[in-house]
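Worksheet: the structure to be examined is printed underneath.
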Amino acid sequence: MTTDVTAPTRTLRAGFVGGGFMAAVHSRASRAAGGGLAGGASSSPERARSAADRLGLGVAFDSVDEMVASPDIDVVHICTPNVTHAAIARAALEAGKHVICEKPLATTRADAEELTELAASRGLVTAVPFVYRFHPMAREARARVAAGEIGRLISVQGAYLQDWLAAPLDDDWRVDSALGGPSRAFADIGSHLVDLMEFVSGDRIVRLNASSRTVYEARATHDDIATEDLVALVVELGSGAVGTLLVSQVAPGRKNALSIELAGSDASVRFEQERPDTLWVGRVGMSTTIERDPARISHDAARLSVVPAGHPMGYQDAFNAFVADAYATINGGSPEGLPRFEDGLRAVRVTEAVLDSAASGDWVEVSA
Ligand SMILES: NC(=O)c1ccc[n+]([C@@H]2O[C@H](COP(=O)([O-])OP(=O)(O)OC[C@H]3O[C@@H](n4cnc5c(N)ncnc54)[C@H](O)[C@@H]3O)[C@@H](O)[C@H]2O)c1
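Quick note on the numbering used here: the sequence shown kicks off at 54 and runs consecutively.
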């Protein structure tokens, strides 16, 4: 069943934690979804005021605790460094708020499991922004796979390549496990790659073998860096299909090159998020590139197409659709494909298996 992503039935009052890149993206998406921007909190009252002024969040709360306790907030968006997610999400859920928490949901499996159970026991709506699911042509790929167009899945190939940490002195809080958690490249972007591949294929990784590298152990402001710059993976899926995935933040020239390709017995599909308005369908006789055209794509892909064919859509549009679907779910709808805390937990479990395999060199089973 689907609902129209543009039709929320009740104005939700949204509070935002953090004031950086993601708080800006979330707050734009909330506004587009008809949310009421009702407050912000950050690492200090001054930073909260700055974020509230820059992003138009209204009230600047002195602390996260004060914001989650406010009766004027319905849903909390968590847009802070990774290690802070679990405690903020727990406080928000315990205060009875719906929660949209950035990935990784948590930096330990125990925390991710506890949060998922807590949300279920309170009957609250949760979501994790695996937003590449919200590109219409990713949905089109999923619809075609589900309809049997590619036949029996044989292999998968995927990559998520970036270069913003490719120079030796490039730096960020993410390289520090005390803020980013034990995995960097995989938790940060590999989690998106696996989520998208599993979402489109309808299949799941059951075993994997990972090899990782920390290319630069010191950067401008960090020494003894233990988090990985890149991971190469061989995977086996529940269906018996096999695949390879490469995740790197040190790939010169690659900005945000997320791609997945599924090869079946009858056809292949390939989606590249830097060219999100197209889908490649490969066949032995003739391959085609399909352009996004709401009149000619599946219902679920068409409902996410907010502008006609030939009018390019992109990352913020996908994010807007994600938040609109999260709000529609809070308002009692059940739109297709909203990534929930269960999906965030899944990503944490896959990340844990990647770290285990990279450390031991062994194949590791991924718990369901
Ligand atoms: N879903 C996506 O597509 C996507 C993309 C980029 C980042 N992310 C995730 O979003 C999160 C935030 O990333 P970002 O790029 O916005 O980071 P950022 O560094 O731009 O912003 C982080 C913000 O959090 C605030 N902050 C730090 N510690 C805090 C604390 N203890 N309490 C409250 N506020 C605190 C900082 O002041 C800052 O405003 C990360 O977990 C990252 O993995 C997701």
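Just so you know, even glycine gets a beta-carbon here, dropped at the ideal spot from N, CA and C. As the structure is a prediction and not an experimental result, all values here were calculated from the model.
- Looking at the backbone, the Cα of residue 233 and that of residue 269 are separated by about 16 Å.
- Within the DSSP secondary-structure output, residue 289 pairs in a beta bridge with 260, 295.
- Between residue 345 and residue 356, the alpha-carbon positions lie close to 12 Å from each other.
- Under the 10 Å beta carbon count, residue 265 is surrounded by 16 or more other beta carbons and is classified as buried.
- When DSSP states are grouped into helix, strand and coil, residue 65 belongs to the coil group.
- Residue 208 is bridged by DSSP to 295, 316.
- At a Cβ-Cβ threshold of 7 Å, residue 120 and residue 89 do not count as neighbours.
- Under the three-state reduction of DSSP, residue 324 is assigned to strand.
- No Cβ-Cβ contact shorter than 7 Å links residue 283 with residue 212.
- In this structure, DSSP gives residue 344 an extended state, which the three-state scheme calls strand.
- DSSP, read as helix, strand or coil, puts residue 202 in coil.
- With a threshold of 6 Å, the Cβ atom of residue 236 does not count as near ligand 1, since no heavy atom of the ligand is closer than that.
- Residues of the same chain with a CB within less than 7 Å of the CB of residue 330, apart from the 5 flanking positions on each side, are 190, 344, 345, 365, 366 in chain order.
- A residue is called buried once 16 or more other Cβ atoms fall within 10 Å of its Cβ, and residue 82 is buried on that count.
- Taking the C-beta atoms as reference points, residue 69 is found nearer than 7 Å to residue 76.
- Residue 67 and residue 416 have their C-alpha atoms roughly 43 Å apart.
- As DSSP reads the structure, residue 333 sits in a beta bridge with 323, 342.
- Here the distance from the Cβ of residue 75 to the nearest heavy atom of ligand 1 is below 6 Å.
- By the criterion of a C-beta distance shorter than 6 Å, residue 135 is surrounded in its chain by 157, 160, 233, 234, once the five residues flanking it on both sides are discounted.
- Shortest gap from the CB of residue 155 to any heavy atom of ligand 1: under 6 Å.
- The beta carbon of residue 193 lies closer than 6 Å to those of 332, 350, 351, 354 in the same chain, with the five residues before and after it left out.
- For residue 112, the closest alpha carbon among the candidates 94, 173, 186, 348 is that of 94.
- If you look at residue 130, you'll find it in the beta strand (DSSP E) that goes 128-131.
- Between residue 305 and the set 86, 217, 203, 418, the nearest pair of CA atoms involves 217.
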